[in-house]
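What follows is one structure encoded as structure tokens, with my remarks underneath.
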Amino acid sequence: MSCDRTAHQATVPMGYADRLRSSVRATDIVARFGGDEFAVLRRGAAAAAEIGDLAKLLMDRITA
4 MSCDRTAHQA TVPMGYADRL RSSVRATDIV ARFGGDEFAV LRRGAAAAAE IGDLAKLLMD
64 RITA
């Protein structure tokens, strides 16, 4: 039973990571902090609005 639970706990964040990576630039970095917490690092964003738009896009992809 614990093996099934561990596999599920690993699979869900991996799915999130795949969705995040497919939604960002090749030069962006997607990092997992632990559990279901992720960060995306983007260099050279033109404006704060770009980051806000990216955050909304990523949240939409995660919750889809």
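Counting with our numbering, you get residues 4 to 67 for the letters of the sequence shown.
For glycine and all other residues, C-beta sits at the position ideal for the given N, C-alpha and C.
- In summary, L44 is exposed, with fewer than 16 beta-carbon neighbours lying within 10 Å of its beta-carbon over all protein chains present.
- Taking C-beta separations shorter than 7 Å and ignoring five residues to either side along the sequence, the partners of L60 in its chain run S26, following chain order.
- Annotation: the continuous alpha helix (DSSP H) that includes G55 extends over 51-66.
- Per the coordinates, the alpha-carbon of I65 lies some 8 Å from the alpha-carbon of L23.
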